[in-house]
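Quick note: the sequence shown, position 397, residue 466 per our numbering, numbers continuous.
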Amino acid sequence: MSPIPRRSLLKAAAVAGAAAQFSWALGNQNAEAAPADAEPVTLDWLEDGGLGAAPGSTVGVPWPRGAHQEGQTFALTDADGKAVPVQSWPLAYWPDGSLKWTAHAVSSGSGKLTLTAGDAAAPAKKVTVDRSGGTIDVSTGVITAKIGKSGSTIVKSVTRGSTEIARNGRLVLLRQPEFEDGDQTTVKTERFDGVVSDVTVEQDGPVRAVVRVDGKHRKGDRSWIPFSIRLYFYAGADSFRMVHTITFDGSQEPGKASGDFIRGLGVRFTVPLRDQSYDRHIRIGGEGTGLLREAVKGITGLRRDPGAAVQAAQYEGRKLPDPSTWDQRVTTRLQYIPEWGDYTLSQLSADGFTLRKRTKKGYGWIPAGGGRRASGFGYVGGVSGGLSFGLRDFWEKFPAQLDIRGAHTDEAEVTLWLWSPEAQPMDLRFYHDGMGQDTFPEQLEGLNITYEDYEPGFGTPYGIARTSELLFWANESTPSAATLAEQVEAVRVLPQLAAPPRQLIKAGVFGKGLFAEPDRSTPAKAKIEDHLDFLFTYYKDQVEMRRWYGFWDYGDIMHTYDTARHQWRYDVGGYAWDNSELSPDLWLWFAYLRSGRADIFRFAEAMTRHTGEVDVYHIGEWAGLGTRHGVQHFADSAKQQRIANTTYRRYYYFLTADERVGDLMHANVDSDETFLVLDPIRKIRTEPYTPDRHALSIGFGTDWSGLVSAWLTEWERKGPKWEKAKARVLSTMETIAAQPNGFVQGQGLYDLDTGRFAVADKPVVSVSHLSAVFGLGELCAELIDLVDMPKFKEAYLDYCRYYNATRAEQAARYGTHFGSLILFQGHSRLDAYAAVQSGDEKLAKRAWEKFYNSDGYKESAPWKTERLSGPATLVPGSEATWVSTNDTALYGLAAIENLALLGDRMP
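Right, dumping it as C-alpha cells:
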C-alpha cells in the first residue's frame, strides 16, 4: 500500500500466460504423486530495480509433491548464467516427507534469477556469527555488529573495518501517567529503557544471519511493554534490518485520566563523529527521494565565498580542501558560523511533516522545511563514516518522528520514533461508557442497533501487538546523492524476490486447483477479470481518500458504507474496522497468487502485518483469540478463533519466510485451550453450559477452521509441536466425518486431551452462513489433497453440495432444511469445488447460477464509482455506494476459484 518510487507497480505482463485449467473431474487426488520433474524456477523482483541498497531478500518457493527430498541443496544463477550465492532451508514438507516449500536468501542480484537443484555458490564475503564472548558478534564481511546478551544495550557497536560507525543501540519508551483533556494540564513523562532477557541466534550464515532479542522496557522495579527484536544480516552488506515488535500490557481504563499512556516509542543509536563540523553532514528524507542536504557547519550562502569548488564539495558530502586553501576571509571567521547540532522531522499525520533545527539544547528552533509525506530516512556522519537509518511505512503509520541530537559534538544521537513524542499520547481507552448494557439481553439489543457486541471489560487493548521494520547502513563516508536515493527507496519499499504464479499453481499449494492465472480469452472471463480489478483498485483508492492510516490502523479496511453520509461507518459499532470479517485477507492473497502483481502483494502484506498483530491477543487471558470487527480493533466482546485464524498468515509466511509471522502461527497451536477460557456463543446459548476440558463445545466452521489451520501449518513446518499438531489434524478430521450429519452437524464436544470430538448419538442440522467463509473451504481443499481420508472428503463434499441446494433437497437428505441462509454467491465456490471433485454437471451449472444470480454483486451493478467533492464529503474522491467489504471478499474469492475450477464450463 506504500507508494513505489521508480519501480513498476504491475508485473502482471511478465508473469501472464495461458490460464491453467485443471481437468473437469480431478479424480483421485490422494493417489501418491510420482516424483515430479523438478524444473528450474525463475525468480523475479516484485518491483523493478532488484535488490538496490537493501541488505538482502528472502523468498519462499513451492515444489510439487515428490520433486525434492529433504536435504536437497539449491543453486542460483543470474540471467548471464553466473552463480549467485544463496542460502536455502526448508519451510514446509508434504506428508510424504518431500519438500513443499523452501526458503532462499540472497544478498545480491538485480534481474531475474534461476533456482535449480545443485550446490550453492559461496559468497565472497560470508556472514559469520561468534557467540564466544560477552556479545554476539555478527560480521557480514563488510560491517560487524556486536549484540548485547543482557542489559539495556541491544547493539553494542557497529563497525566498518576499524571505524566505529554506531554504538549503544537501544530501545526507549516514554510513559505519560496521566492524560487529561483541557488547557490547564501538567504533562509529566518518564523514560523506560529496553532491557534484554533473552538472545537467540536463529541463523548463522553463510548468506543470512538472524539474531532474535527479547525483553521488556524497564525503569526501576517496573518492567512492561514486552519487545521482540530480530536483526537480519546478509553477506557482503553494509547494512542490516531490524524487525521490531511490541506487545501492549499496560492499563488504560475508560473514563479515567490516569494510566499507562505511551508518549514515545523509539529506537536510538549513538553515532561517533570524528570530522570537522564543516565535514559533517545531515541528510533527512522528504517526499519521494527528496533530501535535506546540509552540513553541521555550512559554508555555502555566506557573505564571503570560500570558492565554488569548496561549496560544491560540501553539498555533495565530499571532504573539503584544507581551509588554508580557501578564501581567507572565510577561513579566519569559521568560528562565527553556527553549528547546527539538532534536527527533528515530525510526521504527525498522513498528510504533513515539519522539519526544524537548532544549534543545541536550550536554544531556539528554526523551521527548515516541510511537506506532505516524508520517506522516514535520515543520515548523520561525515567524510570518515556515518549512519543511514530509515523507518518503513513512516507516514502510513503516523505519528512518527526522526531526531538527530548533538551533531556538533563528538557523539550524535539518532532516534527513530515509532510513536512521536510530539503527538498526543497513545490513547487506547475504550470509546464509550457502556450505555447501560450490563446484561446479555441488553447487549443483544445494542447489537441489534449498532451491530456492536459489547460486554463490560472486554474492550481492552491488553495483549495486542504491532510490528515495525527499520533499516540501518554503516557508510564508510557520506554517501552520494544517488546512493542515498537507493537507500531511501529500500526504506520505502523493501525489495522482495518472488516465485511466479505458474510455479505456485504447478506446485498445487494453498488448495490444488483453486486459483489460475488471469484469463481474458472470452468476453465472460474478461468481464469478471475487469470486476476483480475494479474492486481492488477501489479499495486501494479508498485507503488514500479515507486516510485509513495510523500506527494501529494501517493495513485494515472498513466493513460497511454509510450512503447517507457518503462515508464508511467508521463510528458505528460492528460496521467500522473490518478485522478480517469474511476473509478479505484471503481474497487479496488469492488475487496475488494468480497474478503476481506487486501492488496487490503490498496491500496484502500491510493487511497481514495488521490483522495478525493488532486484531489478535498475544498475551493475557485471551491470548490466541482475535476480536470481531468494530470501532476500535479491540473493542468488540466477540473474541474468537475466526479472527486469529492462522490461514490469513500462511500466505505471507510461505512467500517470504518471515520469522515474525512464523511466531504468530506457532503461537496458535494450542489455541484449543482458549475454549476453556471463553465460550464464543455464551450470549445466545439456550441451554446451560460450563466449559469442560473433556467436553468443549467447538463449531466445525469458524472455530475448527481456525484451529486446524494452525495445526496443519505446524505439521507442515515440522515445528516444535508438529507431532501433536498432526495428530490433532487427523483426529478432528476423523471425528467430524464420523458425526451423524458430518459438517452439517454444526458442532461437537471436543476433548482437549485426546484431540477428538465425541461422536453425537443423533443427527442434528445446524448450519450457519458464516461457517465456510473464514477459510474453511480453502483449508478443506488443502486437507483433502494432503490426507487420504475418504469419509472426511465425503462429509465435506456433502456440505458443499447441500448449502446452496433447495430446501426440499436439504430436507430430503437430512430430514429438515437448513433454515434461512445467505451469502450464496460466496458459497458458489463450494459448488464449484464439489462439482470438480465429483464430476457432477448439475453442480457445475449451479455454481455459475449462484455466482451470477443470487445475492452479492450482480452483473447489473454499476461497476464504477461516482465522484465526490465538497460540501458532500470531507475531501474530494469517489464512492461506490453498492460496495461492501463482506460482498467484496466473497465475490473476489468466488470469482477466482470458480474461474480456476470451472472456467471452461461458464454459461
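All residues carry an ideal CB built from backbone N, CA and C; glycine is no exception. Owing to the predicted nature of the structure, the values given are computational and were not obtained by experimental measurement.
- Taking a 10 Å sphere around the C-beta of TYR500, we find fewer than 16 other C-beta atoms and assign the residue as exposed.
- For PRO757 and ILE767, the gap between their C-alpha atoms comes out near 15 Å.
- Between the alpha carbons of ARG634 and VAL952 lies a gap of roughly 15 Å.
- The DSSP assignment places complete beta strand (DSSP E) segments of no fewer than 3 residues inside the segment 690 to 777 at 765 to 768, in order along the chain.
- Cα atoms of GLY324 and ALA963: separation of roughly 45 Å, rounded to the nearest angstrom.
- Close CB contacts of TYR686 within its chain, under the 6 Å cut and outside five residues either way in sequence, are with GLY532, ALA692 and LEU694 (chain order).
- For ARG786 and GLN906, the gap between their C-alpha atoms comes out near 27 Å.
- ARG362 and VAL560 have their C-alpha atoms some 18 Å from each other.
- Residue pairing of ALA481 in beta bridges, as defined by DSSP: VAL340.
- GLU233 is bridged by DSSP to THR228.
- In this structure, DSSP gives ASP684 a state outside helix and strand, which the three-state scheme calls coil.
- Listed in chain order, the alpha helix (DSSP H) runs fully inside the segment 365 to 408 are 377 to 385 and 397 to 400, counting runs of at least 4 residues.
- With a cutoff of 7 Å on beta-carbon distance, VAL211 and ASP307 are scored as near each other.
- With respect to the C-alpha of PHE541, the residue from PHE620, ARG671, ALA949 and PRO124 having the closest C-alpha is PRO124.
- Sequence-distant Cβ neighbours of ARG277 in its own chain, meaning closer than 8 Å and more than five residues away, are GLY125, THR127, GLN156, ALA174, SER176, VAL196, TYR301, PHE302, TYR303 and ALA304.
- Taking GLN272 as the centre and dropping the five residues before and after it, the same chain places the C-beta of ALA278 and VAL279 closer than 6 Å to its C-beta, in chain order.
- When secondary structure is reduced to three states using DSSP, THR209 falls in the coil class, being assigned neither helix nor strand.
- By the criterion of a C-beta distance shorter than 7 Å, TYR722 is surrounded in its chain by VAL730, GLY731 and MET734, once the five residues flanking it on both sides are discounted.
- With contact defined as three or more Cβ pairs closer than 8 Å, the segment 942 to 961 and the segment 652 to 659 are in contact.
- Taking the Cα positions, THR755 is about 12 Å away from PRO510.
- Shown here for GLY263: same chain residues with a beta carbon closer than 7 Å to its own, the five before and five after excluded, namely SER221, ILE223, ARG239, LEU240, GLY284, HIS286 and PHE296 in chain order.
- Taking one beta carbon from each stretch, the segment 699 to 709 and the segment 143 to 153 have fewer than 3 pairs nearer than 8 Å; the two do not touch.
- Between SER837 and TYR872, the alpha-carbon positions lie close to 10 Å from each other.
- In the structure shown, GLU322 adopts coil according to DSSP, grouped into three states.
- The C-alpha of GLY817 lies about 17 Å from the C-alpha of ARG711.
- Here DSSP, grouped into helix, strand and coil, assigns LYS218 to coil.
- With contact defined as three or more Cβ pairs closer than 8 Å, the segment 826 to 842 and the segment 878 to 889 are in contact.
- In this structure, the CA atom of LYS790 is about 43 Å from the CA atom of GLU878.
- Straight-line spacing of the CA atoms in VAL777 and TYR630 works out to 33 Å.
- Between the alpha carbons of TYR902 and LEU970 lies a distance of about 7 Å.
- From the listed residues ASP830, PRO749, ALA585 and LEU497, the smallest Cα separation to PRO809 is found for ASP830.
- Judged by DSSP secondary structure, ALA161 falls outside any alpha helix (DSSP H) and instead within the beta strand (DSSP E) spanning 156 to 162.
- In the DSSP assignment, GLN141 falls outside any alpha helix (DSSP H) and carries neither an H nor an E.
- Separation of CYS869 and GLY503 (C-alpha to C-alpha, rounded to the nearest whole angstrom) is 41 Å.
- Three or more beta-carbon pairs separated by less than 8 Å link the segment 311 to 323 to the segment 670 to 688, which places the two stretches in contact.
- With a cutoff of 7 Å on beta-carbon distance, ASP924 and PHE893 are scored as near each other.
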